[in-house]
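Chemist: Here it is, the structure, as structure tokens.
In the working numbering, the protein residues as written are 6 to 136.
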């Protein structure tokens, strides 16, 4: 079983891989992942298939979110077999594009925000004034 830190690292790596899909950073990230897996058969093809899914999707972020667990598992299995690859995966994560989200509410405003995924807000109707 992976240590918690390696499990977290694998999840971060999976996030970095899928975040780069269908972006300007994809080719560099893709090449880094292929190198990390040492050219294992099928990795490059899987990356291309997944990137094509993201690129062609109506909801690319939803597809990325769906693909993330699979890449976290793949990277976790790789680290379990080769813990010495940890520094290389960390470099790949550090080089991947990062997103920042800043949300500001002004003048008694309310902000509902999510970096990835959806936000569903349900409010009860305002009570009717009594006559």
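Just so it is clear, CB atoms sit at the ideal spot from N, CA and C, and this is done for glycine as well.
(1) What's the C-alpha gap between residue 77 and residue 61?
(2) Quick one: what does DSSP say residue 114 is sitting in, helix, strand or coil?
(3) Using 8 Å for Cβ pairs, my map puts residue 41 next to residue 93. What's the rounded Cβ distance?
(4) Going by DSSP in three states, residue 45 sits in which element: helix, strand or coil?
(5) Count the C-beta pairs between the region 21-30 and the region 45-64 that are closer than 8 Å, then say yes if the count reaches three, no if not.
(6) Report yes or no: do three or more beta-carbon pairs, one from the region 35-54 and one from the region 108-125, lie closer than 8 Å?
(7) Which whole-angstrom value describes the C-beta separation of residue 84 and residue 14, a residue pair presumed to lie in contact below a C-beta threshold of 8 Å?
(8) Alpha carbon to alpha carbon, what distance is there between residue 46 and residue 117?
(9) Can you tell me whether residue 29 is buried or exposed? The criterion is at least 16 other CB atoms within 10 Å of its CB, across all chains shown.
(10) What are the boundary residues of the alpha helix (DSSP H) that includes residue 92?
(11) If you check the beta carbons only, do residue 19 and residue 97 fall under 8 Å apart?
Modeler: Short version:
(1) 22 Å
(2) coil
(3) 6 Å
(4) coil
(5) yes
(6) no
(7) 7 Å
(8) 43 Å
(9) exposed
(10) 91-100
(11) no
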